[in-house]
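S.K.:
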Amino acid sequence: MIFTETLNNFHSYITDTTDLIFDIAFKNQKHESDLFLLIENGFYNRRNPDVVFGNTKISPYTIGFDDDRLSEQTQNEFYNFYRDRQIPNKHTFQKSKVENKTTQHTERISIHIETALYIKFWESEHIIRLLHNLARLSNKQDFNWHFDSSNFKITNKTSGKSQKLGRTGIIESHLISEFDNSCPEFSDLIQSCYSSQIRNSIAHSQFFLYGDFINFTNHQHGLAYNNISQISFERWELYIHFTILIYNAIISNVNRYYRMYCDRAKSKHFGIPIRIIKADHSVELRWYTYDGCRWCWYINSDQGRQEDRYWLNK
Numbered sequence: 005m006i007f008t009e010t011l012n013n014f015h016s017y018i019t020d021t022t023d024l025i026f027d028i029a030f031k032n033q034k035h036e037s038d039l040f041l042l043i044e045n046g047f048y049n050r051r052n053p054d055v056v057f058g059n060t061k062i063s064p065y066t067i068g069f070d071d072d073r074l075s076e077q078t079q080n081e082f083y084n085f086y087r088d089r090q091i092p093n094k095h096t097f098q099k100s101k102v103e104n105k106t107t108q109h110t111e112r113i114s115i116h117i118e119t120a121l122y123i124k125f126w127e128s129e130h131i132i133r134l135l136h137n138l139a140r141l142s143n144k145q146d147f148n149w150h151f152d153s154s155n156f157k158i159t160n161k162t163s164g165k166s167q168k169l170g171r172t173g174i175i176e177s178h179l180i181s182e183f184d185n186s187c188p189e190f191s192d193l194i195q196s197c198y199s200s201q202i203r204n205s206i207a208h209s210q211f212f213l214y215g216d217f218i219n220f221t222n223h224q225h226g227l228a229y230n231n232i233s234q235i236s237f238e239r240w241e242l243y244i245h246f247t248i249l250i251y252n253a254i255i256s257n258v259n260r261y262y263r264m265y266c267d268r269a270k271s272k273h274f275g276i277p278i279r280i281i282k283a284d285h286s287v288e289l290r291w292y293t294y295d296g297c298r299w300c301w302y303i304n305s306d307q308g309r310q311e312d313r314y315w316l317n318k
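Quick note on numbering: the sequence shown equals residues 5 to 318 in the working numbering.
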């Protein structure tokens, strides 16, 4: 169940911590518009890299919606639907649960819904890409246009060999380590509510509810990464509330910096500069402008086309 008082209890902590990592990323970004690319979803269009319109080849370096961003938007509809059905008073609910079997059943069904919310967030390609670039920017690294979780590799510090990671590995072996370097508070926050074992148990339906506990059938005694046999409903309450609050805080910061970049673009003739670092490490600089309603490449804007016509007629 989503309790208003639990959200309120941890709202300031999680909001402040998430604000901090975004502020560090903005301060440490190597190019002034790298954080804009993070919040507006800059990506390499690997599905259609050779699109031609008329006689013009369209750049595969794109800003805006792709399939992954659209998937996250669909997920957000589900998230909002459930989040808006908060229970104001936890104590009243717990008292009712003791006396009312319908309330007990509602709680169990809600946990099933929450497991779906949990895995949708931590498995989202868009969220993982956003966190990956947030970690890069906060550590003074370039924005990565080419991120692809299905082909993500890191160098093993012990062997020196390249090692391919899945989403769980990206979170535990890459993101947590990177955030440890730039913002330990945010790293701690992720570790407080992300568990690969819980993620796997949800993905493979390896859990059951008994009494007031979630029991995990993928528990293996002696294995550090599968050492949770059960958690109480109250403990699960923290996992799901923290995840929801992180999602809220990410959306809030995306909106906060979006407004800042809109104001910045409106005050400049050409908009904001965009730096594209290609797979061969070559760099292209382009201008991206905001006309008060929409963003577009400056060359495609009304002002840009007027200037093209002016110089063609000179």
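We put the CB at the ideal spot given by N, CA and C, even for glycine. Note that the structure is predicted; figures quoted are calculated from it, not measured.
Quick test of your reading: residue 393 and residue 220, contact by CB under 8 Å. State the CB separation rounded to the nearest angstrom.
M.R.: As displayed, the chain neither begins before 5 nor continues past 318, which places residue 393 out of reach and without an answer.
S.K.: Between the beta-carbon of residue 166 and the beta-carbon of residue 172, is there less than 8 Å?
M.R.: no
S.K.: Decide if the region 123-134 is in contact with the region 243-258; the criterion is three or more beta carbon pairs, one per stretch, under 8 Å apart.
M.R.: yes
S.K.: Enumerate in chain order the residues of its own chain whose CB-to-CB distance from residue 26 is below 8 Å, with the five nearest sequence positions on each side excluded.
M.R.: In the same chain as residue 26, and ignoring 5 residues on each side of it, the C-beta atoms closer than 8 Å to its own belong to 39, 138, 257, 260 and 261, in chain order.
S.K.: Is the Cβ of residue 31 closer than 8 Å to any Cβ of chain D?
M.R.: Any reference to chain D falls outside this structure, which holds one protein chain only.
S.K.: Could you pull out every unbroken alpha helix (DSSP H) segment of at least 4 residues lying fully inside the region 37-88, listed in chain order?
M.R.: 38-44 and 71-87
S.K.: With a threshold of 16 other CB atoms inside 10 Å of the CB of residue 273, please say whether the residue is buried or exposed.
M.R.: exposed
S.K.: Please work out which residues of its chain come closer than 8 Å, Cβ to Cβ, to residue 311, disregarding the five sequence neighbours upstream and downstream, and give them in chain order.
M.R.: Residue placement at residue 311 is poorly supported in this model, since its pLDDT is 48, which falls under 50; the coordinates still yield a value, given next. Taken in chain order, the list of residues that qualify is empty.
S.K.: Just to confirm before moving on: does the CB-CB distance between residue 67 and residue 44 stay below 8 Å?
M.R.: yes
S.K.: Which one of 134, 83 and 145 has the shortest CA to CA distance from residue 117?
M.R.: 83
S.K.: Short check: CB of residue 253 to CB of residue 28, under 8 Å?
M.R.: In this structure, residue 28 does not lie closer than 8 Å to residue 253 by Cβ.
S.K.: Using the C-alpha atoms, what's the distance from residue 227 back to residue 104?
M.R.: Distance between residue 104 and residue 227, taken at the CA atoms: about 39 Å.
S.K.: What are the boundary residues of the beta strand (DSSP E) that residue 188 is part of?
M.R.: Run containing residue 188: none in the beta strand (DSSP E); it sits in the alpha helix (DSSP H), 188-197.
S.K.: Are three or more beta carbon pairs between the region 144-157 and the region 88-97 nearer than 8 Å?
M.R.: Flag = no, the region 144-157 and the region 88-97 do not touch.
S.K.: Tell me the DSSP bridge mates of residue 291?
M.R.: BP columns for residue 291 point to 277.
S.K.: Assuming contact is defined by CB atoms lying nearer than 8 Å, are residue 92 and residue 8 in contact in what I supplied?
M.R.: Against a cut-off of 8 Å, the Cβ pair of residue 8 and residue 92 comes out as a contact.
S.K.: So, for residue 289: in the same chain, excluding its five sequence neighbours on each side, which residues have a beta-carbon less than 8 Å away from its beta-carbon?
M.R.: 277, 278, 279 and 280
S.K.: Have a look at 236, 191 and 268 and flag the residue whose alpha-carbon is nearest the alpha-carbon of residue 211.
M.R.: 236
S.K.: With DSSP collapsed to three states, give me the class of residue 167.
M.R.: strand
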